[in-house]
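Asker: One structure, as structure tokens, below. Some questions next.
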Amino acid sequence: MTVFVTIALMIVIGAAIGGVTNHLAIKMLFKPHEAKYIFGKKVPFTPGLIPKRRDELADQMGKMVVGHLLTPDGIKRKIANEEFHQTVTSWTAKEAEKLISSSKTVTELAADFGIKELDDKAERRLKDLLGKKIAEKTAHYKGLSIKEALPETLLEKIQHSIPQAADFILKKGSDYFQSEEGKQRLRRMIDDFLAERGMLGGMVQMFLGNTSVFDKVQPEVLKFLRNGETKRLITSVLEKEWGNIQNLNVGEAAEKFRLEDLAEAAQQAILKEIGIKERLNAPVSQYLMPYSDWIHEDLIPKMTAKAVEYLHNNLDHMLGQMHLQEIVREQVQSFSVSRLEEMVLGISRREFTMITYLGALLGGLIGALQGIIVMLIN
């Protein structure tokens, strides 16, 4: 009975020593978090192993992630996988469909990306651009004559159009004096003319009898406008004036014909024709919906393939520029020691418990062996 108690006692003592020793060794991996001092002397084994080697641990974890986990070859294999292609294409198609059917305007969509008041900014930018271009061209051509400033083809076209312009003027004049408005205007002009002449006007009216002066003058006016000589006269006058205009300096012409007002009017007309503000305040779907089939069937597959190909070809450089090892190292270094302890224990808690039990088991076996040896010696 004494032998059994002795051996049992030694087993318990050995198991306790083994278990406590292993448990203490595991605790010393993490604690204490800081170095401890007694009478100014640093206590051995403080701080714990992981707090003491945290920088080295962070560096090694960074190397492990880059060298063994997130390797370029591993990521390339994933990118080259057909399932990955289909996933990316499907996701892109869903996002594109949201955009295609969106009721948001272009301006609202731009605001979502941080570009506020796109419509006003675009209109101001376009107006400034047009004004700048007009000012640049005006300054460039200001010292030249009209003939030097305009292209040769345009000069020839204007020259050849003068007879047509004469025809147009005469035809419009003839049509006008045959219209009711033209007749009334001509009648008032004749009446005013005769009234200003006093007695002479009355004598003219008396000689004509019951026939009005208008009835005599209007056919003559029309005859004059339809006469070939009149056309040649008008053509000659226009050609002469066009020749004078060609010799004008652009700066002089700008002042004489108020080209600044014309430029401003042209600028406003262009802005109105483009309608940039109205276009940017229209729904995105208005522009994308007509191309929906093309976007889904052609654009997205090609765009996805190109994006994946670019990513595959430039992955090594991109990962190098990202400095993943530095990111992991800095992240681990930013963790508190207690957080590192939680991470390691979260992964290895069961194994650490088994190590404690193993220490107790080995301690118990050693205690039993010691008890047997002591009994044999005695």
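Numbers 0 to 377, taken from numbering that gives the first Met the number 0, label the letters of the sequence shown in order. A virtual CB, placed ideally from N, CA and C, is assigned to each residue, including glycine. Model, not experiment: these values are computed from the prediction.
What number of angstroms, rounded off, separates the C-alpha of Asp-119 from the C-alpha of Lys-276?
Answerer: 7 Å
Asker: Apart from the five residues on each side of it in sequence, which residues of its chain come closer than 6 Å, Cβ to Cβ, to Phe-3?
Answerer: none
Asker: Closer than 8 Å is the cut-off here; do at least three beta carbon pairs connect the stretch 305–325 with the stretch 62–75?
Answerer: Taking a cut-off of 8 Å for Cβ pairs, the stretch 305–325 and the stretch 62–75 touch, as three or more such pairs fall below it.
Asker: May I ask which residues mark the beginning and end of the alpha helix (DSSP H) holding Lys-276?
Answerer: 275–279
Asker: Pop quiz: Val-283 and Leu-108 are said to be a contact at Cβ under 8 Å. What is the actual Cβ separation, rounded to whole angstroms?
Answerer: The pair is a contact, with the Cβ atoms about 6 Å apart (cut-off 8 Å).
Asker: Would DSSP call Gly-208 helix, strand or coil?
Answerer: Its pLDDT being 45, under 50, Gly-208 is placed unreliably in this model, and the coordinates cannot settle the point.
Asker: According to DSSP, simplified to helix, strand and coil, what is Lys-40?
Answerer: strand
Asker: Under 8 Å by Cβ, that's how I've got Thr-106 and Asn-280 pegged, so tell me the actual separation to the nearest angstrom.
Answerer: In this structure Thr-106 touches Asn-280 by the C-beta definition: roughly 6 Å separates them, less than 8 Å.
Asker: Is DSSP giving Pro-218 helix, strand or coil here?
Answerer: helix
Asker: Mapping the DSSP letters down to three states, classify Asn-313 as helix, strand or coil.
Answerer: Here Asn-313 sits in helix by DSSP.
Asker: Counting only runs that start and end within the stretch 131–186, where is the alpha helix (DSSP H) found for 4 or more residues in a row?
Answerer: If we require 4 residues or more, the alpha helix (DSSP H) runs fully inside the stretch 131–186 come out as 145–148 and 151–177.
Asker: In terms of residues, what are the limits of the alpha helix (DSSP H) holding Ala-15?
Answerer: Looking at the DSSP string, the run of the alpha helix (DSSP H) that includes Ala-15 is 1–29.
Asker: Report yes or no: do three or more beta-carbon pairs, one from the stretch 130–150 and one from the stretch 233–249, lie closer than 8 Å?
Answerer: With a cut-off of 8 Å, the stretch 233–249 and the stretch 130–150 count as touching, because enough Cβ pairs lie within range.
Asker: Can the beta-carbon of Leu-323 be found less than 9 Å from the beta-carbon of Gly-13?
Answerer: Their beta carbons are not under 9 Å apart, which means Leu-323 does not touch Gly-13 by this criterion.
Asker: Give the DSSP-derived three-state secondary structure of Glu-46 in the structure shown.
Answerer: For clarity, residue 46 is Pro in the given sequence; the question names Glu instead. If DSSP states are grouped into helix, strand and coil, Pro-46 belongs with coil.
Asker: Answer with buried or exposed for Gly-39, where buried requires no fewer than 16 other C-beta atoms within 10 angstroms of its C-beta.
Answerer: exposed
Asker: Among Asn-243, Val-307, Asp-54 and Leu-154, which residue has its Cα nearest to the Cα of Ser-333?
Answerer: Asp-54
Asker: Below 8 Å, how does it come out for the stretch 178–193 and the stretch 222–239: are there three or more Cβ pairs, yes or no?
Answerer: no
Asker: Alpha helix (DSSP H) containing Arg-239: first to last residue?
Answerer: One point to set straight first is that residue 239 is Lys, not Arg, in the sequence displayed. 227–245 is the span of the alpha helix (DSSP H), which, as asked, contains Lys-239.
Asker: Using C-beta distances below 6 Å, list every residue in its chain close to Ile-354, excluding the 5 sequence neighbours before and after it, in chain order.
Answerer: Asn-21
Asker: Can you name the start and end residues of the alpha helix (DSSP H) that Phe-406 belongs to?
Answerer: What the structure shows of the chain is the stretch from 0 to 377, and residue 406 is not part of that stretch, so it cannot be assessed.
Asker: Could you spell out where the alpha helix (DSSP H) holding Glu-341 opens and where it closes?
Answerer: 336–376
Asker: Looking at C-alpha atoms only, which residue of Gln-285, Gln-266, Met-288 and Met-302 is the closest neighbour of Arg-124?
Answerer: Gln-266
Asker: Under the rule that 16 or more other beta-carbon atoms within 10 Å means buried, what is Leu-98, buried or exposed?
Answerer: exposed
Asker: Name the two residues that bound the continuous alpha helix (DSSP H) containing Gly-113.
Answerer: That residue, Gly-113, is in no alpha helix (DSSP H); it is neither H nor E in DSSP.
Asker: Could you check whether Leu-314 and Lys-75 sit closer than 9 Å to each other, using their CB atoms as the reference points?
Answerer: yes
Asker: Taking a contact to mean a Cβ-Cβ separation below 9 Å, would you say Gly-47 touches Leu-28 in this structure?
Answerer: yes
Asker: Under 8 Å Cβ to Cβ from Ile-244, same chain only, skipping five residues before and after it: list those, please.
Answerer: Ile-145 and Ala-252
Asker: Among His-295, His-311 and Ala-359, whose alpha-carbon lies nearest the alpha-carbon of Ser-89?
Answerer: His-295
Asker: Between the alpha carbons of Ala-367 and Phe-351, how many angstroms are there, rounded?
Answerer: 24 Å
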